[in-house]
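Each remark here refers to the structure printed beneath this line.
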Amino acid sequence: MLLPIADFADLSANWYKILDPLLAKARVELWLYCPKTAEPMISGNKWMKLQYHIKLIQQQQYRGFVTFGGAFSNHLAASAAAAELFGIPATAYVRADSIDQQNPTLQFCLAKGMTLIATDRQTYRRRQQSDFLELLALRHPDCLIIPEGGSSALGVRGIAGLNLNDTPAGPADVIATATASGGTLAGIISASKQQNTGTAQTQILGLAVVNDASLPAKIKALLKAKADHQAPWRIIATAPDQRYARCAAEHIDFCCKFALSHNIALEPVYTGRALFKLYQMIAAGEFAPGSRISFFHTGGLQGLAGLYYRQLINQQQYQILSAATVG
Ligand SMILES: Cc1ncc(COP(=O)(O)O)c(C=O)c1O
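Each residue of the sequence shown is one higher than the last, beginning at -19 in our numbering.
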């Protein structure tokens, strides 16, 4: 049965206050915002980034959509789940030499009926170039092309609909999130102006999980039409050498301890890595005592199975992270 789009997400009452000796010592309040959806695979930032694409497909009667992602991409898993739920044929160009049928993310996408096309790195790099997009439009007539990560103007608009500023204890001084393709951060920035009341401005922190010198330019391009909407924002590297597949032991350890202490699941590629960096900043006294931080839990937990499959986390770590019930 297909789900009416309006019933899909419940964005209320998803705040969790984190109580921790480090936070108490620094006198910093930390709130996690964990949006819930009817389908766990479309969790975190994924539904917000996809929803206006789905609406456009339905309104303009596109035949389907085409999108892009790595072989363990959260965006691909979420897109495949949404495609099945809303009855939309979907094709994905996957950055991989071949489609590994044992890969849990790709297995899930195939089970949801998504067509997967293995794409070598050189071709994949062309995914935003206009000549390549023209070719795809010919190859997939009447299909909407959704950029990697869902980071388009529509994705930004979806994220901007979230109110990450008003925690249950009052307005946040800082809003932080993991950032990769930039759509989530751009959405938070574009929402922030309406939420600022003219007193001290909320700071927005993008905790970058990959080394990408072009990220600030990408975010500015996504914000272009709304240049007057910019609250102060910064991008902060989470580690000196950041690659998606690299899972540092300290990030995995942090995620496990966090899951055991708070019953909130993180994964070490996005949310765990970002929150680890935020904790380091808090410990270093980078936030004034009395600060209230809102952290957007962007989901991505489907990626845990892929980390275990590649033996980047061991069985015990996988069990601890999968057992936490929030996230
Ligand atoms: C779990 C998770 N968190 C954060 C991000 C970063 O979001 P963005 O690509 O919009 O910067 C992603 C990628 O979409 C993700 O999968």
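Beta carbons: idealized from backbone N, C-alpha and C, even for Gly.
Predicted, not measured: the structure shown is a model, and the values here were computed from it.
Proximity of the segment 261 to 269 to the segment 2 to 12 meets the contact definition, three or more beta-carbon pairs being nearer than 8 angstroms. Ranked by how close their Cα comes to the Cα of Q87, the residues L115, A57, R75, F112 have A57 in first place.
In this structure, the C-beta of T85 stays at least 7 angstroms away from each heavy atom of ligand 1.
In the DSSP assignment, G50 forms a beta bridge with R75.
In terms of Cβ geometry, L203 and I168 do not form a close pair [threshold 8 angstroms]. As for any alpha helix (DSSP H) of minimum length 4 sitting wholly inside the segment 125 to 201, the runs are 133 to 140, 163 to 175, ordered along the chain. At a cut-off of 7 angstroms, the beta-carbon of S161 counts as near ligand 1: some heavy atom of the ligand is closer than that.
Each of N243, T182, K(-3), G286 was checked against the Cα of V249, and the nearest Cα belongs to G286. Assignment of beta-bridge partners to V306 by DSSP yields I244. For the 8 angstroms CB-CB criterion, D122 and Y(-4) do not form a contact. With a beta-carbon spacing of about 6 angstroms, T218 and A254 fall inside the 8 angstroms limit used to define contacts.
Within the model, the alpha-carbon separation for H242 versus M21 is close to 21 angstroms. Taking C-beta atoms as the reference points, D77 and D111 fail to come closer than 8 angstroms. DSSP places I(-2) inside the beta strand (DSSP E), whose first and last residues are -5 to -2.
In the displayed model, K16 falls within a strand according to three-state DSSP. Rounded to the nearest whole angstrom, the CA to CA distance from L118 to Y298 is 43 angstroms.
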